[in-house]
Amino acid sequence: LEAHPDFLLVISYNPGYQSVLKDLKHSTRQRFVTIDFDYAPRDKEAQVIAHESGVPMETALELAKLGEKVRHLKASGLEEGVSTRLLIYAGLLMRQGVPPRRACEVAVSRSLTDDAESQRAIGELAQAIFG
Numbered sequence: 001l002e003a004h005p006d007f008l009l010v011i012s013y014n015p016g017y018q019s020v021l022k023d024l025k026h027s028t029r030q031r032f033v034t035i036d037f038d039y040a041p042r043d044k045e046a047q048v049i050a051h052e053s054g055v056p057m058e059t060a061l062e063l064a065k066l067g068e069k070v071r072h073l074k075a076s077g078l079e080e081g082v083s084t085r086l087l088i089y090a091g092l093l094m095r096q097g098v099p100p101r102r103a104c105e106v107a108v109s110r111s112l113t114d115d116a117e118s119q120r121a122i123g124e125l126a127q128a129i130f131g
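Quick note: the sequence shown uses my numbering, first residue 1, plus one each step.
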């Protein structure tokens, strides 16, 4: 089987996200070019949140700020930072009338961790940002 000259294969892989048993083999990784990237800057992430959730830009900026702050908690023991997707979910809940702190609790802190201390820390961040 010969690929068409215009054929292109793109894969997305999050190293360290899965267990060691699910890591790509070295021989497989060596067949690809690697591009490292991080979360979008706050203003760009806010644009995505506003577009996808329908919340006003001011709310989207606050959610993006929460995202940045929660991602810094990763250095304090939180296993994973908050994804833009979870921030969008929080925005969708807010747009439906769920109070911001409750939306962040349900969509962000409970989705990220079962650890009560980490949930409390995320709740305090949401309180500081949303009041």
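Glycine residues also receive a C-beta, built at the ideal position from the N, C-alpha and C atoms.
Computed from a prediction, not measured in an experiment: that's the story for all the values here.
From E79, M57, F7, residue whose alpha carbon lies closest to that of M94:
M57
Review point. With respect to the alpha helix (DSSP H) encompassing F130, which residues constitute its N-terminal and C-terminal limits?
Key: 116-130
- Task: Report the three-state DSSP secondary structure of S53 (helix, strand or coil).
- Result: helix
Identity of the residue in V70, A46, E52 nearest L61 by Cα = A46
Can you say whether G67 is buried or exposed, counting buried as having 16 or more other CB atoms within 10 angstroms of its CB? Counting C-beta atoms within 10 angstroms of its own C-beta, G67 has 16 or more neighbours from the protein chains shown and is therefore classed as buried.
When burial is assigned at 16 or more other CB atoms within 10 Å of the CB, is S27 buried or exposed? In the assembly as shown, S27 is an exposed residue. Its beta-carbon has fewer than 16 other beta-carbons within 10 Å.
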